[in-house]
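Q: Below are the structure tokens for one structure; questions will follow.
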Amino acid sequence: MKQVELRNVSKSYDGKSQVLKGIDVTINPGEFFVLVGPSGCGKSTMLRMIAGLEEISGGDLYIGDVYSNHSPPSKRNLSMVFQNYALYPHLTVEQNILFGLHTKKITKAEQKKRCNETAEMLGLSELLKRKPRQLSGGQRQRVALARSIVTHAPICLMDEPLSNLDAKLRSKMRSEIRQIQKRLGITMIYVTHDQTEAMTMADRMMILHHGQVQQIGGPIDIYNFPSNTFVASFIGAPPMNLSQVSFRDREIVLDDHRAISISEEMARSIPIEERIIAGIRSEHIKLAKGGKVSFYAEAVNVEVLGTETLITFITGNKQWIAKWSGQWNISIGEKLPLYIDCADLYLFKQETGECIWHQSNRHDQYSLKEAIF
Amino acid sequence: MKQVELRNVSKSYDGKSQVLKGIDVTINPGEFFVLVGPSGCGKSTMLRMIAGLEEISGGDLYIGDVYSNHSPPSKRNLSMVFQNYALYPHLTVEQNILFGLHTKKITKAEQKKRCNETAEMLGLSELLKRKPRQLSGGQRQRVALARSIVTHAPICLMDEPLSNLDAKLRSKMRSEIRQIQKRLGITMIYVTHDQTEAMTMADRMMILHHGQVQQIGGPIDIYNFPSNTFVASFIGAPPMNLSQVSFRDREIVLDDHRAISISEEMARSIPIEERIIAGIRSEHIKLAKGGKVSFYAEAVNVEVLGTETLITFITGNKQWIAKWSGQWNISIGEKLPLYIDCADLYLFKQETGECIWHQSNRHDQYSLKEAIF
Amino acid sequence: MSITRKIVLYSLLTLSVLFMMFPIFYAFMISFMQGGEILRGNLIPDSFTFANYQSAFEKVPLFQYLWNSFYVSAVVMIGQLIVSSLAAYAFVFMSFKGRDFIFFVFISTMMIPWEATMVPNFITVQKLGWLNSYSSLTIPFFALAFGTFLLRQQFKTIPKELFEASQVAGISRFRFFWNVVLPVSKTSLITLGIYSFLTTWNMYLWPLLVTNNESVRTVQIGLKQLQSQEISTEWGVVMAAVVVVILPTLILLFIGQKRLQNGLTQGAIK
Amino acid sequence: MGLLYLSPSIILFGLFLFYPMIRTLYLSFFLTDGQGVPVSFVGFENFTYLFQSASFQKSITATILFVLYTVPLGVILALFFAIIANEKVRGIGFFRTMFSSTMGMSVAASSVIWMFMYNPAIGIFNKLVVALGGSEVQWLLDPKFALLSVAVSTIWMNTGFSFLILLGGLQNIDEHLYENADIAGVSYWYKLRKITVPLLSPTLFFIVTVSLINSFQTFGQIDILTKGGPIESTNVIVYSIYKDAFVNYNVGSASAQATILFFCILFITILQFKLGERKVHYQ
Amino acid sequence: STTGSQTEGESTSGAEAEETSGKQEVVFWHAMSGELETVLNDIAADFNESQDNIEVKPIFQGTYEEALTKFNTVAGTEDAPTIMQVFEVGTKYMIDSGHIQPVQKFIDEDNYDTSQWEKNISNYYTVDGEQYSMPFNSSTPVLIYNKDAFEAAGLDPEKAPMTYSELKDAAKKLTKAEGGETSQYGFSILNYGWFFEELLAEQGGHYVDNENGRAGNATKATFNDDLGLNVFQLISDMHKEGTYYNVGQNWDDMRAAFQSGKMAMYLDSSAGVKAIVDNADFEVGVSYLPIPDDSERNGVIIGGASVWMSSGIAEEKQKAAWEFMKYLTTPEVQAEWHVKTGYFAINPAAYDQDLVTQEWAKYPQLKVTVDQLRDTKTNTATQGALISVFPESRQKVVTAMESLYQGMDPKEALDQAAEETNRALEVANIKQGN
Ligand SMILES: Nc1ncnc2c1ncn2[C@@H]1O[C@H](COP(=O)(O)OP(=O)(O)OP(=O)(O)O)[C@@H](O)[C@H]1O
Ligand SMILES: Nc1ncnc2c1ncn2[C@@H]1O[C@H](COP(=O)(O)OP(=O)(O)OP(=O)(O)O)[C@@H](O)[C@H]1O
Ligand SMILES: [Mg+2]
Ligand SMILES: [Mg+2]
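Residue numbers (my numbering), protein chains in the order written: chain A, 1 to 373; chain B, 1001 to 1373; chain C, 2001 to 2270; chain D, 3001 to 3283; chain E, 4001 to 4434.
The structure is reproduced here in structure tokens:
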């Protein structure tokens, strides 16, 4: 357990364009910290700077309060799991797990012990004598994990470790990694571009875009209170529906003149002159019941997914998606009466994308006690 | 639009083990037919036999009522989209789209016209002069699609065309492919191992396992009425919770002695002597309200995914998952009172996995009219 | 990388390059020296003179030889590319009985010492009436096991789906070979091309045997022609010729180094 | 169908390799006249004589020694160059090109240069030796040194090719494997021993095989530098074949030697595959 | 199938009739490289210009061995050259080949007077009174020494050693050794069988039996007799004494060693003399080969090569070739040849040409070489051995010489070479069906 702190860290490969700009973040000891963002935003770069595999162009890096900008990777006392696992194809699972341990001045017996423990924990005991190519994707993943755990390093870095696995295995490994991290109390810095992974695993997550931090916070907070349009559309599946809007007194008007009435309080908080983007999560576009219709829309695509149904319709020049739970028998072209509660709306400035309004509490947050009684 | 019919088709690569066994299916003209199953079950093999890329070991293949076991691929008048797109890396997008059209004796002018039309339809017009490596994954996918559309072949075969794309793009392409297929009225045979894809795209789907047909039908029907445990656990995310059970009069007893009471009608239909597996979809494990508790369970993992929460708990030696909509603030270790309606149960024979009981109608199926009024 | 490591690395690199390049440098230097200087064993000429080059070109028709070498190397290169790629294509994209066996036989030809086959080959070439013509210098070398091997490895990396896609589209095998396989394998073809150009350029004994006059002779023979046996050799002139002989290949190599390396590796390890 | 594409190769191989090889095999059972026409059948006499002949035994020794000198040293040298040229530093492209340069040198040209350098009176080697306080060495005339000297020049000539292939092999090794090792903190040598060499083994295997075959077939430099002397110490089999066939007109004996050589190479290559495959780690 | 497939490139193989230009084409294959080739080309060009009917095309074919190999493969076919240059040791081989036309035929037809040729040269190529080939480039070995070094060592630079013991003494004085490091050796011989043969013949020794193979097919080597042993003993002794320098097999290395002062005396070909004198920055002396003390000077064998005429080609072509051969032997051409290359003139009349006398005035050393040849006694020893396996035998002798430097017993080394020669002779005789 160790803290990792970045102070105004930046990176440029070629001395001209900046790949990372002014990253300021403190990762707490024992935290599961997820770095998420679209491809090319600089996630790997940041991770590799922490590992010492890439030089830091500007700013300071502290690992456990020690200034570490220039210490070599091996001195940073951390372990790393690579996207392609980076297993040594010519070594057995056991040799892979123990690779490099001798440099830590650990006796053979202790090495053996640790290896067995770790293998046990990850269900690799049967496979110790195999070569990586004789393993399935998930097993390889676990060997890579074991190799990093066995060092007992207090910090572990992972760069998209699950992206080569299929969906089923991925969801299984997600909870395995999470459980091991908690059990061992490792400080975990985990890179992914998959928001489901980020949402389900992170204690806190950081969203990167074009080398800049967009938002740092707990997954649910970020989901509920995205700080800008990028975060809003990046987190959540299907992504938040966004459209440019204008105002008519106590109404928000979409570009095809559909309107949603808003509360007085909300109307007051909106700076009239600004160009505004309104956002609504797909689960908040509801079927209008009992006459409370916001507008009508024609279904252009309907996807029934077992327990929920996704309905696509057009507003202005945008496709919006509504998500209803249950299996809905709706045919394409059918006209739907829809209702949007103005409390579920998000409003963003058009230029900066910054969020200027959202409800302060989600009304679909439950706790057990409330629900039962 | 053409019909494809397989009569008792089988395949063996080595003459010994059968990769496909007795496949009997008729794919209707203009239908979107999805072949789904776990890796190695023989999906690609079946598709390639239809395409003529693989010999048929036994049975008969009819394409548009013509016996086609031995006609060469080019004579079957179909097009194919490969998993890795199989774009010619040295040709431009345009050349890729038109590659091979000359064999169909189509004039240059007509080729040009078709190419432009198709590119227009798929939003590739700007990219016609680029090479494949200058395209993003989704664009490549669309080129592959264009290449198959441009032939105007009445049948199109696709082998996991979306598996190389990231989640977001995948969901976009899903509806695009679906829309194009409907517009052009192509008979589509589509292979995937991703059940979401199968569920959302298929008119009908066929589930393959170990080279044998498990079930053929509409996606919702298969989700609601899986014919055996394999289908039940393969379709649906998270998969259906399954456990071996025993009976006590009017109660189903799980192996840790938890019990669920059942209706008289149901009790009557169960053959007492059989070893039975009970199944329940995760969305049907509900929070017990108002004292109607089936049993209590301790949460071992909680994943909050924006609009829904997955709660994992242990019954006997199995992990079960409950899916509740909304964001639930549940901590690990918390005790939950759970309720299962016996009408939501599925019962399977243990030996064969065959489904012996399920409700005749799902109660979360809605149609618009009912819902509004 | 730390400064000390950099210093160590650069010194190693420099020393190694000095070691590797010295003979070539030496040849260059000698080619600029006058008679006596060479026999005294000087390293750097007192004054640079092109006299040796001049007399090398006067003594033997080096330009003609260079052209011949160039022509022969180019033809062999093209021939090897065509023949080897056809064979490699068959090995990769077609299945027929005995394919692996034939491949093994192909590879085993690498083990036949060329010297052992020279006399029968000479007689064959003579019977074909190819003596003293470019045919004898080129055609026997068109088939090359190494080239077939190299290209086979490359062709194997072409996704099978490309072949299948073209089958579905109804494209003939040859058209697929010509329009897809060859363009896609450009790097390997260039590699093999450079390799065969270099090796052909460097052939000596066979060209001597099958050619009778300067109209088809290659530059390596010219090199030999400048060295005498019973009377003294003019080393300066010979070295000038050496330089003339190696310069084209060195330049080719410098231009194609990167490609050559990539292509050769592909053949070696897959 | 496939055979159609193979036919150019098959015809050419047949005509210019297999036919002569078979003819060689055939001739090895005969005494021939100067033009290589068989005169009288002698059965295995050519072979039995060879195995008794001291000169042939010397040839075999020379060949084996030559292979032993050139192959390991050549591969190690090329590997060394490849390793130092695989670092990513400024100007590395220049060094790579230089290291590969001997691939563009013809045997004839290289040998002439080396002959000059070996010259006992005016060559650079003796100048160096004397400058370092040693006594002059008759590089190509002393049976103790001749084979070694030819081997050294051969190694030089072959380095370019081996270097290129090994460098390519090195560049194919996944960078992450080294990064992982960096994080683990193992030493440079440990990385070299435990990562580089094993992962390079398929490439090494290839280059060793090719070098072996080439080494067995070395001809040009021997012809130019030593002509098989002194006291036949550099009379490797290929050169001996050449001499018997083209100078002494004993085509029968030459054929017998060629046959033996062919089977030796075949045997060693197969052996090498059998032993090597086990030690090689394919990805 | 041999016609029609001629592709690119001018075809100038042997029998190609050049009816079109009206000239007889005479293809002349030779092994003259470097400076020699230039001179030869000049002579051919002059000949071509001197008349309108014949076009001689000299073509370089590699070393003697390579050229002969090639001739051997095309002999008797239409690819064979009209004139072929073959080194002296290939003589017997050519005679046995059955693909050559002895020039005696034209000598007879033409009533050509061969007495104008140097007897000691043409003898070599005469078997049973029949002239087989025409001598062309001929040389003999001579002793070459560094006069400056002689003076420095207190020896008379005008008096070269004539006997083995004089040689040994001079070599001892000339050898400059300091602390195990010898900066100048006394004497050296190239590891080349030819020099051994010459030293043997100088004593009147035979290389093989049957009168050096001239009275019938040779069956046995005789060079390992006492006379041969004398030579080997000399080399062995001097090498042991540290006065003898091993220069290897390469002519250029040998000369480089002499020129750089590495040794003071050595044996070289008469053809090399001029270049040596030119390149040396000291006075160069030339003298006769030394002989054993109790021996009588017998003379040297001619070395070098002769030109042969192919058989089985058109009579007109042969005639044309003969014309060229005659041209080659005219005093003028021979004078030019001698002066420019250092090879002997076949026609001694050449030595009276101004060109030669002027040259001799400049290089008195050249005359010594000619004198040595003229002083040679005509007998089967100086006529040279006639065996078909000469090249092979020479290799064996070379190996034997090289073993001396490794301390092998001279007798043993020589016997071994003889034995191997015997085996080669035996095989050769079997092949010939005897
Ligand atoms: N070695 C390098 N030299 C130059 N530019 C680089 C280098 N590595 C990465 N980049 C650039 O830096 C940017 C960030 O790259 P990085 O690999 O950190 O992205 P990422 O967020 O990890 O993306 P992905 O999800 O695709 O792995 C990219 O624009 C990339 O092109
Ligand atoms: N060319 C072949 N030769 C022998 N066996 C094969 C061949 N191709 C496939 N198989 C075997 O046939 C079975 C079915 O393979 P197939 O490729 O059809 O599976 P799939 O359902 O497409 O799997 P995936 O989802 O992984 O693509 C597998 O067990 C496979 O090992
Ligand atoms: Mg990355
Ligand atoms: Mg498949």
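Virtual Cβ for every residue (Gly too), placed ideally from N, Cα, C.
Taking Cβ positions, are Val4142 (chain E) and Ser4270 (chain E) nearer each other than 8 Å?
A: Cβ distance < 8 Å, so Val4142 (chain E) and Ser4270 (chain E) count as in contact.
Q: Please tell me whether Phe2254 (chain C) has its Cβ less than 8 Å away from any Cβ of chain D.
A: Interface residue, yes.
Q: Shorter than 8 Å from the beta carbon of Ser2133 (chain C) to some beta carbon of chain G?
A: Given the protein chain composition of this structure (A, B, C, D and E), no chain G is represented.
Q: Could you compute how far the alpha carbon of Gly4022 (chain E) sits from the alpha carbon of Lys4317 (chain E)?
A: Cα to Cα, the separation comes out at about 12 Å.
Q: Counting only the same chain and skipping the five closest in sequence on each side, list residues whose C-beta sits under 6 Å from that of Thr3063 (chain D).
A: Closer than 6 Å at Cβ, skipping near neighbours: Val3236 and Ile3237.
Q: Please list, in chain order, the chain E residues whose beta carbon lies closer than 9 Å to that of Asn2052 (chain C).
A: Under the 9 Å cutoff, chain E gives no residues; its nearest Cβ is about 13 Å from Asn2052 (chain C).
Q: Taking buried to mean at least 16 other C-beta atoms within 10 Å of its own C-beta, is Val1066 (chain B) buried or exposed?
A: Exposed: under 16 other Cβ atoms inside 10 Å.
Q: Would you verify that the beta carbon of Phe2174 (chain C) is, or is not, closer than 8 Å to some beta carbon of chain B?
A: Not an interface residue.
Q: Roughly how many angstroms separate the alpha carbons of Pro4282 (chain E) and Val3251 (chain D), rounded to a whole number?
A: Strictly speaking, residue 4282 (chain E) in this sequence is Phe, with Pro absent from that position. The straight-line gap from Cα to Cα measures roughly 48 Å.
Q: Note down, in chain order, all residues in the region 3114-3127 of chain D with a beta-carbon under 8 Å from any beta-carbon belonging to chain E.
A: Listed by position along the chain: Met3115, Asn3119, Pro3120, Ala3121 and Ile3122.
Q: Which residues in the same chain have their Cβ closer than 6 Å to the Cβ of Met188 (chain A), if we skip the five residues on either side of it in sequence?
A: So the list reads Phe32, Cys156 and Gln181, once near-sequence residues are dropped.
Q: Where do the N-terminal and C-terminal ends of the alpha helix (DSSP H) with Phe3216 (chain D) fall, by residue?
A: Looking at the DSSP string, the run of the alpha helix (DSSP H) that includes Phe3216 (chain D) is Val3197 to Phe3216.
Q: Classify Trp3189 (chain D): buried if its beta carbon has 16 or more other beta carbons within 10 angstroms, exposed otherwise.
A: With fewer than 16 other Cβ atoms within 10 Å, it is exposed.
Q: Report the three-state DSSP secondary structure of Ile2972 (chain D) (helix, strand or coil).
A: Shown here, chain D extends from 3001 to 3283; a query on residue 2972 (chain D) therefore has no answer.
Q: With DSSP as the reference, label Phe247 (chain A) as helix, strand or coil.
A: Strand at Phe247 (chain A).
Q: Is Ser163 (chain A) near ligand 3, in the sense that its beta carbon is under 7 Å from a heavy atom of that ligand?
A: Outside the cutoff, so no.
Q: Please name the residues in the region 3197-3215 of chain D whose beta-carbon is closer than 8 Å to at least one beta-carbon of chain A, in chain order.
A: If the cut-off is 8 Å between Cβ atoms, the region 3197-3215 of chain D has Pro3198, Leu3199 and Ser3201 near chain A.
Q: Within the 8 Å Cβ cut-off, does Ala3109 (chain D) reach chain A?
A: Output row for Ala3109 (chain D): interface = no.
Q: When the cut-off is 8 Å and only beta carbons count, does Ser3106 (chain D) lie next to chain E?
A: By this cut-off, Ser3106 (chain D) is not an interface position.
Q: Provide the residue(s) that pair with Leu1162 (chain B) in DSSP beta bridges, ordered along the chain.
A: Answer by DSSP bridge pairing: none, since Leu1162 (chain B) is not bridged.
Q: Hey, which unbroken runs of the beta strand (DSSP E) at 3 residues or more fall wholly within the region 297-359 of chain A?
A: Counting only runs of 3 or more, we get 308-315, 318-325, 335-340, 346-349 and 355-357.
Q: For the beta strand (DSSP E) containing Gly1211 (chain B), name the first residue and the last one.
A: Segment: none, Gly1211 (chain B) is in no beta strand (DSSP E) and carries neither H nor E.
Q: Along the chain, where does the beta strand (DSSP E) that runs through Glu5 (chain A) open and close?
A: Run containing Glu5 (chain A): Val4 to Lys11, per the beta strand (DSSP E) assignment.
Q: Report yes if the C-beta of Gly374 (chain A) is less than 7 Å from at least one heavy atom of ligand 1; otherwise report no.
A: As displayed, chain A neither begins before 1 nor continues past 373, which places residue 374 (chain A) out of reach and without an answer.
Q: Give me the Cα-Cα distance between Ser1233 (chain B) and Gln1350 (chain B), rounded to the nearest whole angstrom.
A: The alpha-carbon atoms of Ser1233 (chain B) and Gln1350 (chain B) are separated by roughly 14 Å.
Q: Should Ala3108 (chain D) go down as buried or exposed, given a rule of 16 or more other Cβ atoms within 10 Å for buried?
A: Ala3108 (chain D) is buried by the Cβ-count criterion.
Q: Tell me, please, whether the region 1008-1020 of chain B touches the region 1050-1067 of chain B by the rule of three or more beta-carbon pairs shorter than 8 Å.
A: The region 1008-1020 of chain B is in contact with the region 1050-1067 of chain B.
Q: First and last residue of the beta strand (DSSP E) that includes Thr192 (chain A)?
A: Run containing Thr192 (chain A): Thr187 to Thr192, per the beta strand (DSSP E) assignment.
Q: Within 10 angstroms of its Cβ, does Val3130 (chain D) collect 16 or more other Cβ (buried), or is it exposed?
A: Looking at its Cβ environment, which holds fewer than 16 other Cβ atoms inside 10 Å, Val3130 (chain D) is exposed.
Q: Within the 8 Å Cβ cut-off, does Pro219 (chain A) reach chain D?
A: No, no contact with chain D.
Q: Just to confirm before moving on: does the CB-CB distance between Arg35 (chain A) and Val143 (chain A) stay below 8 Å?
A: Reading the sequence as shown, one finds Leu at residue 35 (chain A) and not Arg. Contact: no.
Q: Determine, using beta carbons only, whether Met2077 (chain C) comes closer than 8 Å to chain D.
A: No, Met2077 (chain C) lies away from the interface with chain D (no Cβ there is under 8 Å from its Cβ).
Q: What would DSSP say about Ser4183 (chain E), mapped onto helix, strand or coil?
A: It is a strand residue.
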